[in-house]
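Take a look at the structure below.
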Amino acid sequence: MVYSSLTLHVSDEAYLVVPDQLGGDKRIQALKVRRDSGQLELTAPVYPSLPQKEVFPVYGLFGLIQLQCGEYLVVITNRVRITELSGNIIYRPTSFRILPLPRNLHALSERQRNDEQTYVRLLEDHLRNNTFYVSYTYDLTHSLQRQLSFGPQRMKPMWERADERFFWNRFMCRKLIDGNNLIEGHDYSDFILPVVQGFMDSFHFRIHGQELQLTLMSRRSRHRAGTRYFSRGIDEDGHVSNYVETEQLISVNPQTPGLSSSNGTVPTFHASFVQTRGSTPIYWAQINNLRYTPMLYIMEEGGGQKSMQALRKHLDEQIDVYGNQVLVNLVNKRGYEHPMGIAYERTLLGLRDDRVQYTHFDFHHECKNLQWDRISLLLDQLDPSLKQHKYCLLDSSDANQQKLVQTQTGVIRTNCMDCLDRTNVVQTAFGLHTLNAQLRDMRVLQPMETLDGYPDFLHLFRKLWADNADALSIPYSGTGALKTDYTRTGARTRQGTLQDGVNSLVRYLKNNFTDGRRQDAIDLITGNYEIVPGTTTPYARDIPVDMRM
1 MVYSSLTLHV
11 SDEAYLVVPD
21 QLGGDKRIQA
31 LKVRRDSGQL
41 ELTAPVYPSL
51 PQKEVFPVYG
61 LFGLIQLQCG
71 EYLVVITNRV
81 RITELSGNII
91 YRPTSFRILP
101 LPRNLHALSE
111 RQRNDEQTYV
121 RLLEDHLRNN
131 TFYVSYTYDL
141 THSLQRQLSF
151 GPQRMKPMWE
161 RADERFFWNR
171 FMCRKLIDGN
181 NLIEGHDYSD
191 FILPVVQGFM
201 DSFHFRIHGQ
211 ELQLTLMSRR
221 SRHRAGTRYF
231 SRGIDEDGHV
241 SNYVETEQLI
251 SVNPQTPGLS
261 SSNGTVPTFH
271 ASFVQTRGST
281 PIYWAQINNL
291 RYTPMLYIME
301 EGGGQKSMQA
311 LRKHLDEQID
321 VYGNQVLVNL
331 VNKRGYEHPM
341 GIAYERTLLG
351 LRDDRVQYTH
361 FDFHHECKNL
371 QWDRISLLLD
381 QLDPSLKQHK
391 YCLLDSSDAN
401 QQKLVQTQTG
411 VIRTNCMDCL
421 DRTNVVQTAF
431 GLHTLNAQLR
441 DMRVLQPMET
451 LDGYPDFLHL
461 FRKLWADNAD
471 ALSIPYSGTG
481 ALKTDYTRTG
491 ARTRQGTLQD
501 GVNSLVRYLK
511 NNFTDGRRQD
521 AIDLITGNYE
531 IVPGTTTPYA
541 RDIPVDMRM
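Residues 1 to 549 (UniProt numbering) make up the sequence shown, in order.
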């Protein structure tokens, strides 16, 4: 189990990270990070022998990172409790500290000091402006179904069994991970805390006397991570920009497994429904040129073979993880976005994969004039696939023997241009459609009953999904999501349309003038750009390092 509460002792010699909790049968060891060499050591939890400059509580290590003058230790210094899931508490870190290992920064040249300050500010901005989530006892990187499929892997440390796609700080934990050597007695596993970037929250409700907890968890991939116009499309490894896995988890009577009542054992169920989103999986880009709508480039070298090979890798991974794919494309069938749909469909047809179903639903055309109820057309079209794919259902009524009733065998992968606004509206509709079916299957709702009869529940449901939309939009586009008035209320409003106009203008300004800095921070945190001390920095050059085409 990862340490949830620690005390950091600062001295000129080292940073000493001491666990606060007792170890039970396991001998507690402190982590010592030597400031002169960066060497890691496990030691008895004794106070530093040299005078201490500072002592303060921390709630996990975000990791270590190399900058110009040396390494820095990044720690979580505050957190808020978000929710509890099956007895496991989920927290959102709210403040961090970036601590230099080198004691003397004055030896740097003026340019190096300026660069160092720039790097530190990039880290600070990224940590301050993103939503991160941690749990010390629950693996947030995996869906319920994947966790239930673990065999012997269940006994591995959390970092080792974590889904590396959603382990946001994995690069910064690399030194701790690489330093593990069980033969020599070096095991830093209890100090390695996987951090997820995205959104997580839940609410409680009662229907027909049964306690419900609805939890929404979105996990953003660290691969090809970036900002709106700096990160588009696919790469040669099959990774796509703005890739997010969203899990909707409904728990029925989660606090009472095995409890008896006058009518018998109280039923306890957990039902998980997973969706994904990600940039259109071909090679394409939009290059900022101060126009409101940048030029669209679709790269089809070799007759599109490069895109086809990358898409093959992407779909193979998606099918291996989730099963059969239903690809829902929401871009316009006319005008500026039309070439995207054509190129995507042509690339897919070249693969000839019967495990993949493709649907092109022109969201703006079908729902024009605020007719957003027409999303039901898409739901009707995909209802057979949703029923065929099912969802993960766990019966926990017997506290001593849980039963996996069924698994989800496929997933809907949705995209629009940004995979934000239209995508979130449609994913919300899929989530509500599936939730109605789940609650009927678990006998919370009557066979012909729907959640339309519970407006208070729908209000909380829509708020949860709208908050999810904003949390996923801000890191990518710089603003909250568009169209969230519909997600929050179930109807499109004039006020919402006006707010979308404001957000669109703010996006234009940020995407053209500040996103480069945010992209630099992401590249630094995720290891897409590594600093080599003593070399010329990107800030001394006249040309960009990476156009991310």
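Beta carbons: idealized from backbone N, C-alpha and C, even for Gly. What you are looking at is a predicted structure, and each value in this text was computed from that prediction instead of being measured.
Sub-7 Å separation of residue i and residue j beta-carbons
| i | j | result |
| --- | --- | --- |
| V196 | Y133 | yes |
| T409 | H389 | yes |
| I82 | L123 | no |
| I282 | Y344 | yes |
| Y15 | D190 | no |
| S473 | L420 | yes |
| T414 | V426 | yes |
| T137 | F167 | no |
| G179 | L370 | no |
| residue 550 | S396 | No statement about residue 550 is possible, as the shown extent of the chain runs from 1 to 549 and does not include it. |
| T428 | W465 | yes |
| Q145 | C392 | yes |
| R219 | E245 | yes |
| V58 | L6 | yes |
Limits of the unbroken alpha helix (DSSP H) element including residue i
| i | result |
| --- | --- |
| K463 | P455 to S477 |
| T293 | Premise fails: T293 is in no alpha helix (DSSP H) and is neither H nor E. |
| D316 | Q305 to Y322 |
| G341 | H338 to L351 |
| I522 | D515 to T526 |
Where residue i falls: helix, strand or coil (DSSP)
| i | result |
| --- | --- |
| C173 | helix |
| K368 | coil |
| Q68 | coil |
| Q117 | helix |
| F430 | helix |
| N424 | helix |
| V331 | coil |
| S260 | Note that S260 scores 49 on pLDDT, short of 50, meaning its location in the model is unreliable and no value can be drawn from it. |
| H389 | helix |
| R413 | strand |
| Q357 | strand |
| D201 | strand |
| Q275 | strand |
| Q401 | coil |
| P100 | strand |
| V545 | Low confidence applies here, because V545 scores a pLDDT of 41, under 50, leaving its location unreliable and the question unanswered by this model. |
| D25 | Confidence at D25 is low in this model, with a pLDDT of 48, below 50, so its placement is unreliable and the value that follows should be read with caution. The answer is coil: DSSP assigns D25 none of H, G, I, E or B. |
| E110 | helix |
| I192 | coil |
| E84 | strand |
| residue 553 | What is shown of the chain runs 1 to 549, which leaves residue 553 out entirely. |
| E124 | helix |
| N181 | strand |
| V10 | strand |
| F363 | helix |
Residue i versus residue j - alpha carbon distance
| i | j | result |
| --- | --- | --- |
| E116 | R34 | 21 Å |
| P102 | A225 | 30 Å |
| N88 | Q29 | 24 Å |
| I76 | G63 | 10 Å |
| F56 | I90 | 22 Å |
| S143 | L311 | 24 Å |
| D25 | S241 | Confidence is the limiting factor: at D25 the pLDDT is only 48, short of 50, which leaves the residue's position unreliable and the question unanswerable from this model. |
| V532 | Q66 | 8 Å |
| R232 | Y476 | 11 Å |
| P157 | L296 | 45 Å |
| Y229 | L330 | 19 Å |
| P538 | M299 | 27 Å |
| D520 | T450 | 47 Å |
| D316 | L61 | 34 Å |
| D201 | N130 | 15 Å |
| E160 | L348 | 34 Å |
| A271 | P254 | 11 Å |
| I287 | C416 | 18 Å |
| M217 | N104 | 43 Å |
| H9 | L193 | 19 Å |
| R174 | Q210 | 45 Å |
| D354 | Q275 | 20 Å |
N-terminal and C-terminal residue of the beta strand (DSSP E) that residue i is part of
| i | result |
| --- | --- |
| residue 614 | The chain is shown only over 1 to 549; residue 614 falls outside these bounds and no answer can be derived. |
| Q446 | It is not in any beta strand (DSSP E) - Q446 carries neither H nor E in the DSSP assignment. |
| F56 | Q52 to V58 |
| S218 | Q210 to R220 |
| Y229 | Counting along the chain, Y229 falls outside any beta strand (DSSP E), and DSSP gives it neither H nor E. |
| R34 | A30 to R34 |
Proximity test, residue i beta-carbon vs the ligand MG heavy atom, cut-off 6 Å
| i | result |
| --- | --- |
| N369 | No copy of the ligand MG appears in this structure; indeed no ligand is present at all. |
Item to check | Ordered list of alpha helix (DSSP H) runs contained in the region 127-163, each at least 4 residues | outcome: 144-148 and 158-161
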